[in-house]
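This report concerns only the one structure given below.
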Ligand code: FAD
Ligand code: NAI
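In our numbering, the protein residues as written are 99 to 564.
What follows is the structure, encoded as structure tokens:
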């Protein structure tokens, strides 16, 4: 039995960032991961492989559909899917090994195996080789992440009925792909396979895509995706999925009830959300409280059991890698007796489609519901010189300011590369900036970032370039 200051169960972005920070702060730290590789969902079957395929498929579609218009002749284009998948794996491998290196660098013990709470300060680890060891820790951090949710009665076989994990690893481009759920996974991975040649139909229960985002963005986003060739069956529920000899049948009905309709496809991607993963973790035995949906309940990252913390997807809040990372850092600080804080009002959200969607802070709908008096500044990329030069003019930048507080409280962007631009607004919001602070800051010309400045000017009514 060895004694640690911190044992972290789960090696995803929550867990590994917590480990790095704990190591930096001089705490004797161990991280336990059962998948055989560090990086969690994000590096292995989430953010990184999906962005690798989005990047490659975007280049393919650009070459296929836009090169000619730019005066570039490209003939004989075709997709080499195994090569594309190799490149994806290369990114995953490089990054997971990088995280392993960072554990060594920060003197963190990396234990390959499954961790389980035994109650009190003890953790049992079923190690990869079969040995069971018990360790004692002043602090136990649960960072076990999440797994795909499925529809009742539908078994995900990762062959024809796939979750995001299977959809990142298809061995052939499907002729027809049905995506259930118009959320982030459905739209990103739907875009990948559409670009590579699949006919993609998205079935969504609600009446708009990415339903938690700013309504104006959702509306324009769906129009854009439809123009790109994605088909939508909105306000529809899936009532049955049947595996056929070849392909699948999906029966849908209007969400409010009505006539049933059958859709056919080679592959169905179920992307209706994710649920916390706490299987075989010993939560009940250890007395750790969780809610009806399985999310571990916390107060400033602390569970109801002293010395046991929970971070990332297995607890409440947005299921995002950078949210997990923030919480991991905060908990490591707390374990070292320092402050630890996450500003949940400034957690950006990016959808890596083309164009990208990026948002942070409150939506107009949320501000209205909370009775906040706010001003809006909006600028279309159609009037931005760089966007015009690149012929990438889709979308707009929108900034929301609380009128009384004179503070930016939200930003919603749609456009090429806006996933990078949102960082500027995050920094501004952390510094409590007004729109005027952004508007009076010099931005390089010609850049897409000038649209942010213009939108900020728009908040105070002095939009100059539109
Ligand atoms: P995870 O990354 O899920 O890591 C938890 C780890 O714990 C896993 O490796 C698991 O094996 C391990 N574990 C579980 N139980 C045990 C146990 N008992 N013992 C030992 N180990 C255990 N987020 C973004 O911010 N940006 C994106 O672009 C993005 N893209 C995504 C794309 C897809 C297809 C998916 C599925 C998700 C994406 N996400 C994205 C979400 C992101 O992956 C998660 O929010 C993030 O990984 C959560 O981090 P985590 O550390 O909480 O958990
Ligand atoms: P999601 O919550 O984003 O979207 C699920 C969608 O499915 C919603 O639009 C919902 O209304 C719909 N839905 C739910 N039940 C349905 C049903 N029975 N029939 C039809 N539609 C139904 O979940 P998603 O896309 O699975 O992603 C899971 C998590 O992963 C998200 O919380 C997201 O934060 C994270 N993620 C983040 C990414 C990013 O940051 N770029 C990329 C991919 C995932």
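A virtual CB, placed ideally from N, CA and C, is assigned to each residue, including glycine.
With 16 other Cβ atoms within 10 Å as the buried cut-off, status of residue i
{"i": "residue 402", "result": "exposed"}
{"i": "residue 407", "result": "buried"}
{"i": "residue 369", "result": "buried"}
{"i": "residue 460", "result": "buried"}
{"i": "residue 510", "result": "buried"}
{"i": "residue 372", "result": "buried"}
{"i": "residue 563", "result": "exposed"}
{"i": "residue 181", "result": "exposed"}
{"i": "residue 157", "result": "exposed"}
{"i": "residue 100", "result": "exposed"}
{"i": "residue 199", "result": "exposed"}
{"i": "residue 374", "result": "buried"}
{"i": "residue 540", "result": "exposed"}
{"i": "residue 355", "result": "exposed"}
{"i": "residue 311", "result": "buried"}
{"i": "residue 362", "result": "exposed"}
{"i": "residue 57", "result": "Outside the shown range of the chain, which is 99 to 564, sits residue 57, and nothing can be said about it."}
{"i": "residue 242", "result": "buried"}
{"i": "residue 272", "result": "buried"}
Which of helix, strand or coil DSSP assigns to residue i
{"i": "residue 131", "result": "strand"}
{"i": "residue 464", "result": "helix"}
{"i": "residue 443", "result": "helix"}
{"i": "residue 390", "result": "coil"}
{"i": "residue 205", "result": "coil"}
{"i": "residue 480", "result": "helix"}
{"i": "residue 374", "result": "strand"}
{"i": "residue 177", "result": "coil"}
{"i": "residue 100", "result": "coil"}
{"i": "residue 569", "result": "Shown here, the chain extends from 99 to 564; a query on residue 569 therefore has no answer."}
{"i": "residue 200", "result": "helix"}
{"i": "residue 159", "result": "helix"}
{"i": "residue 425", "result": "helix"}
{"i": "residue 364", "result": "coil"}
{"i": "residue 191", "result": "helix"}
{"i": "residue 455", "result": "strand"}
{"i": "residue 472", "result": "strand"}
{"i": "residue 110", "result": "coil"}
{"i": "residue 237", "result": "strand"}
{"i": "residue 347", "result": "strand"}
{"i": "residue 552", "result": "helix"}
{"i": "residue 246", "result": "strand"}
{"i": "residue 139", "result": "helix"}
{"i": "residue 296", "result": "coil"}
Best match in the options for proximity to residue i [C-alpha to C-alpha]
{"i": "residue 465", "options": "506, 529, 244 and 455", "result": "506"}
{"i": "residue 179", "options": "422, 151 and 279", "result": "151"}
{"i": "residue 481", "options": "544, 469, 468 and 421", "result": "544"}
{"i": "residue 193", "options": "116, 428, 109 and 382", "result": "109"}
{"i": "residue 296", "options": "307, 265, 405 and 305", "result": "265"}
{"i": "residue 340", "options": "137, 258, 130 and 304", "result": "258"}
{"i": "residue 227", "options": "158, 274, 134 and 169", "result": "134"}
{"i": "residue 517", "options": "211, 445, 394 and 324", "result": "445"}
{"i": "residue 431", "options": "137, 237, 138 and 130", "result": "237"}
{"i": "residue 328", "options": "239, 274 and 348", "result": "274"}
{"i": "residue 85", "options": "303, 285 and 378", "result": "Look at the range of the chain in this structure, 99 to 564, and you will see that residue 85 is not part of it."}
{"i": "residue 528", "options": "484, 458 and 122", "result": "458"}
{"i": "residue 390", "options": "399, 384, 404 and 413", "result": "413"}
{"i": "residue 559", "options": "196, 235, 530 and 473", "result": "473"}
{"i": "residue 348", "options": "320, 324, 252 and 396", "result": "252"}
{"i": "residue 577", "options": "331, 346, 307 and 501", "result": "Residue 577 lies beyond the range of the chain shown here (99 to 564); nothing can be said about it."}
{"i": "residue 209", "options": "453, 513 and 129", "result": "129"}
{"i": "residue 201", "options": "484, 397, 471 and 126", "result": "126"}
{"i": "residue 206", "options": "120, 272 and 343", "result": "120"}
{"i": "residue 519", "options": "557, 453 and 292", "result": "453"}
{"i": "residue 67", "options": "451, 532, 502 and 555", "result": "It is not possible to answer for residue 67, since the shown part of the chain is limited to 99 through 564."}
| Within the chosen definition, does the stretch 426-444 reach the stretch 472-492 through at least 3 CB pairs nearer than 8 Å? | The stretch 426-444 is not in contact with the stretch 472-492.
| message | Taking contact to mean 3 or more Cβ pairs, one atom from each stretch, closer than 8 Å, check whether the stretch 184-191 and the stretch 138-156 are in contact. | response | Cβ pair count under 8 Å is three or more, so yes.
| Along the chain, which unbroken stretches of the beta strand (DSSP E) at least 3 residues long are found entirely within the stretch 248-294? | If you keep only unbroken beta strand (DSSP E) runs of at least 3 residues inside the stretch 248-294, you get 274-278.
| query | Do the stretch 274-283 and the stretch 348-367 meet, that is, are 3 or more Cβ pairs less than 8 Å apart? | reply | Yes, the stretch 274-283 touches the stretch 348-367.
| Minimum length 3: unbroken beta strand (DSSP E) runs contained in the stretch 488-528 | Taken in chain order, the complete beta strand (DSSP E) segments of 3 residues or longer contained in the stretch 488-528 are 494-500 and 505-513.
| query | Contact between the stretch 329-340 and the stretch 161-174: three or more CB pairs below 8 Å? | reply | Flag = no, the stretch 329-340 and the stretch 161-174 do not touch.
| request: Let me know the alpha helix (DSSP H) ranges lying completely inside the stretch 307-333, each 4 residues or longer, listed in chain order. | output: You should have 313-325.
| said: Tell me whether the stretch 419-433 and the stretch 495-506 touch, counting them as touching only if at least three CB pairs, one residue from each stretch, are closer than 8 Å. | reply: When C-beta atoms of the stretch 419-433 are compared with those of the stretch 495-506, fewer than three pairs fall below 8 Å, so the two segments do not count as touching.
| task | Would you check if the stretch 219-234 and the stretch 245-256 touch, i.e. whether three or more CB-CB distances between them fall below 8 Å? | result | The stretch 245-256, when compared against the stretch 219-234, does not touch it at the 8 Å Cβ threshold.
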